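Undergrad:
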Amino acid sequence: MKKTIFSGIQPSGRLNVGNYIGAISQWVEMQKEYDCIFSVVDYHAITVKQDPEELRKRIIEVTKIYLAAGIDPKKSIIFQQSAVPAHTELAWIFNCYGAYIADLNKMTQFKDKAGKDREAVSVGLYDYPVLMAADILMYDTDIVPVGEDQKQHVELARDIARRFNNEFGNIFKVPEAVVRQEGARIMSLLEPTKKMSKSDANQNNCVGLLDDIEIAKKKIMRAVTDTEANIAYDPIKRPGISNLLTIYSVISNKPISDLVKDYQGKGYGDFKKDLAEVVAKFLSDFQKKYNSFSDQEVMVILESGRKKVEKMANGKMEKVRRAIGVR
Ligand code: AMP
Ligand code: TRP
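The opening position of the sequence shown corresponds to residue 155 in the working numbering, with each subsequent residue numbered one higher.
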């Protein structure tokens, strides 16, 4: 039996090269070997306030980004999370069986996102890892390809699966997170000690996948490096240049060690100019593909995905409902 892959991205904010490198580029590779399910996780997006018109647009936008990156709807399933209500139903059941307050209190993403005002954020933001566990466990997922920041959430999904199985018998498969060796955590361009994030207030920190090409080049040219003169890879001591090397390496498909060799004796100026060109070419090809999909096509793909996963989800939910005694 082929292994099952599940992953998703929230339609909030503008997707950037961090999302592409950390998550989507891995998915594209995996669909060659595995049965893949990729979701546009809109019920995760509403854990913080979203403008309804904007959200509707972003759902289509994220789907087109999956397609432009090379997710092939003939091979892989693409669907919108809210179109399959079983996800929220299962999340509720896990709220009662499997997830504990103590687990959620440990989640670093919640602590970061809630900031100082922890009592004033929505219950949804706090509970979000439980909905993510429901997404993953619904489909007997073996592997969850994500960026580094999501590993802790996948760990929780594993705990929930084990606890539920201990109480009710073998209903859920225990999944595993897979994180890229290089590029699991692309850093911000101006503050390379923090993650490149699509919710960053300063968009000069990110190269957006749909950024204007000239603006994207400027962002690369302005990226923070350090006061050393040479091009070298050392993420701890020299996070800025190391981050740019990682981006360069993944996008051009060249090992970092080769790039370091190529740039011996050259300075940051030359390196950044070349990287800006590499990024520009990548974005221009990407955007051409992105623009080739109509909204109508996207709706058809999402609907066909919904039909496929709904059957699987309903089968799993019937087992769960019986196990806990509501059927
Ligand atoms: P998010 O932007 O939080 O919705 O993340 C969507 C996916 O992209 C998840 O798998 C993240 O782990 C991944 N991701 C987000 N930001 C980065 C980043 N800066 N570097 C690598 N992966 C990332
Ligand atoms: N929480 C993830 C993020 O912000 C998105 C997500 C939701 C997800 N459900 C998932 C990722 C299931 C992998 C598997 O990036």
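For glycine and all other residues, C-beta sits at the position ideal for the given N, C-alpha and C.
These numbers come from a predicted model, not from an experiment.
(1) According to DSSP, what are the bridge partners of Q234?
(2) What residue from S166, I159, A331, S230 has the CA that sits closest to Q204's CA?
(3) Mind checking whether the beta-carbon of M261 lies closer than 7 Å to any heavy atom of the ligand AMP?
(4) Within its chain, find whatever has a CB closer than 6 Å to the CB of Y188; leave out the 5 residues flanking it on each side and keep chain order.
(5) Is there a Cβ from chain E that is less than 8 Å from the Cβ of I395?
(6) Contact check, I191 vs I255 under 8 Å by CB: the rounded distance?
(7) The ligand AMP and G301: does any heavy atom of the ligand fall closer than 7 Å to the residue's C-beta?
(8) Given T262, which residues of its chain have a CB within under 7 Å of its CB, disregarding the five upstream and five downstream residues?
(9) Buried or exposed, going by whether 16 or more other CB atoms sit within 10 Å of the CB of G172?
(10) Can you tell me the Cα-Cα spacing of L285 and A237, whole angstroms?
(11) Rank R481, R339, V404, L399 by C-alpha distance to the C-alpha of K415 and give the top, closest one.
(12) Can you say whether R392 is buried or exposed, counting buried as having 16 or more other CB atoms within 10 angstroms of its CB?
(13) When every heavy atom of the ligand TRP is checked, does at least one fall within less than 7 Å of the C-beta of F160?
(14) Residue range of the beta strand (DSSP E) that I159 falls in?
(15) Keeping to the same chain, check which residues put their C-beta closer than 8 Å to that of M375; ignore five residues upstream and five downstream.
(16) Just grab the DSSP bridge partners of I297 for me.
TA: Answer, in terms of the structure:
(1) As a first step, residue 234 must be located in the sequence shown, where it is residue number 80. Note: Q234 sits in a beta bridge opposite V194.
(2) For this step, residue 204 is matched to residue 50 along the sequence shown. Closest by alpha carbon: S166.
(3) Mapped onto the sequence shown, residue 261 falls at position 107. It does not: the Cβ of M261 is nowhere closer than 7 Å to a heavy atom of the ligand AMP.
(4) Residue 188 sits at position 34 when you count from the first residue of the sequence shown. Cβ within range, chain order: K156, K157, I159.
(5) Absent from the structure: chain E. Only one protein chain is present.
(6) On the sequence shown, residue 191 is found 37 positions in, with the first residue counted as 1. On the sequence shown, residue 255 is found 101 positions in, with the first residue counted as 1. Not confirmed; about 30 Å, so no contact.
(7) Counted from its first residue, the sequence shown places residue 301 at position 147. True, at least one ligand heavy atom lies under 7 Å from that Cβ.
(8) Taking the sequence shown and counting its residues from 1, the one referred to as residue 262 is at position 108. Hits under 7 Å: Q306.
(9) Counted from its first residue, the sequence shown places residue 172 at position 18. Classification of G172: buried, given that the 10 Å Cβ count is 16 or more.
(10) In the sequence shown, the residue the question calls residue 285 occupies position 131. In the sequence shown, the residue the question calls residue 237 occupies position 83. Distance between the alpha carbons of L285 and A237: 14 Å.
(11) Here residue 415 refers to the residue found at position 261 of the sequence shown. It is L399 whose Cα lies nearest to the Cα of K415.
(12) Residue mapping note: residue 392 aligns to position 238 of the sequence shown, counting from 1. With 16 or more other Cβ atoms within 10 Å, it is buried.
(13) Numbered from its first residue, the sequence shown carries residue 160 at position 6. Yes, Cβ of F160 sits closer than 7 Å to a heavy atom of the ligand TRP.
(14) As a first step, residue 159 must be located in the sequence shown, where it is residue number 5. Run containing I159: 158 to 163, per the beta strand (DSSP E) assignment.
(15) The residue labelled residue 375 in the question sits at position 221 within the sequence shown. So the list reads K426, K427, A430, once near-sequence residues are dropped.
(16) Within the sequence shown, the letter at position 143 stands for residue 297. Bridge partners of I297 according to DSSP: I159, E330.
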